[in-house]
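Data first, discussion second: the structure below is written as structure tokens.
Residue numbers (our numbering): -5 to 106.
This is how it looks when you write it as structure tokens:
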């Protein structure tokens, strides 16, 4: 049963990557999606990533409203929860180029 689960998981990842490849054909500037494929991320891992970015964006907005101007703790949290096999700087730059979570990554990119 365990072997079947692994095969099913791999098939699902391949199907997800195929969908992303079709998007890349129509817009080759989708850098984050390219990284998803290169790093072999599953659809669930990408959903988790987007949820992390949503949460960090909310925290950043709350902190800005309170007068914060330094967001290194958000950068640290992002780095901790990013899949270990991914490069933090590469992910942030690809998201900025694809205009994903642009305000968040513009701010935490300053921490590099």
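Glycine is no exception: its CB is placed at the ideal position from the N, C-alpha and C atoms.
Comparing alpha-carbon positions, the option among 22, -4, 34 lying closest to residue 9 turns out to be 34.
By the neighbour-count criterion, in which a residue is buried when 16 or more other Cβ atoms sit within 10 angstroms of its Cβ, residue 44 is exposed. Contact annotation: the stretch 90 to 100 touches the stretch 45 to 65, with at least three C-beta pairs closer than 8 Å. Under the three-pair Cβ rule at 8 Å, the stretch 98 to 105 counts as touching the stretch 59 to 73. Fully enclosed alpha helix (DSSP H) runs of no fewer than 4 residues occupy 25 to 33 of the stretch 24 to 49, in order along the chain.
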